[in-house]
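Q: Residue numbers (our numbering): 12 to 96.
(1) Sorted by chain position, which residues of the same chain lie with C-beta nearer than 6 Å to residue 168's C-beta, five sequence neighbours on each side aside?
(2) Who are the near neighbours of residue 63 in its chain, counting only those whose CB is closer than 7 Å to its CB and skipping five residues on each side?
(3) Distance, Cα to Cα, residue 93 vs residue 65?
(4) Enumerated in chain order, which unbroken segments of the alpha helix (DSSP H) with a length of 4 residues or greater are wholly contained in the stretch 15-52?
(5) Distance check for residue 22 and residue 44, CA to CA, integer angstroms please.
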């Protein structure tokens, strides 16, 4: 089927090894001010930033900007602690 999978494939084909950073998001993501500086800072905190991947499960919301009061606005941080072989 054509759609998001094909679109991601085509977009990833444009990535070059010389690219310092790559960002892949869905169309329904919301960005906070200075998101780029925040992500680079998070990446720099990794033991091996050049080989690291940041990933998250985004916080839900309702359009246009309906975050319930008192709701956490940070995404869930996914941290693998081991890989099963």
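For glycine and all other residues, C-beta sits at the position ideal for the given N, C-alpha and C.
A: Put simply:
(1) Shown here, the chain extends from 12 to 96; a query on residue 168 therefore has no answer.
(2) 54 and 57
(3) 16 Å
(4) 15-23
(5) 25 Å
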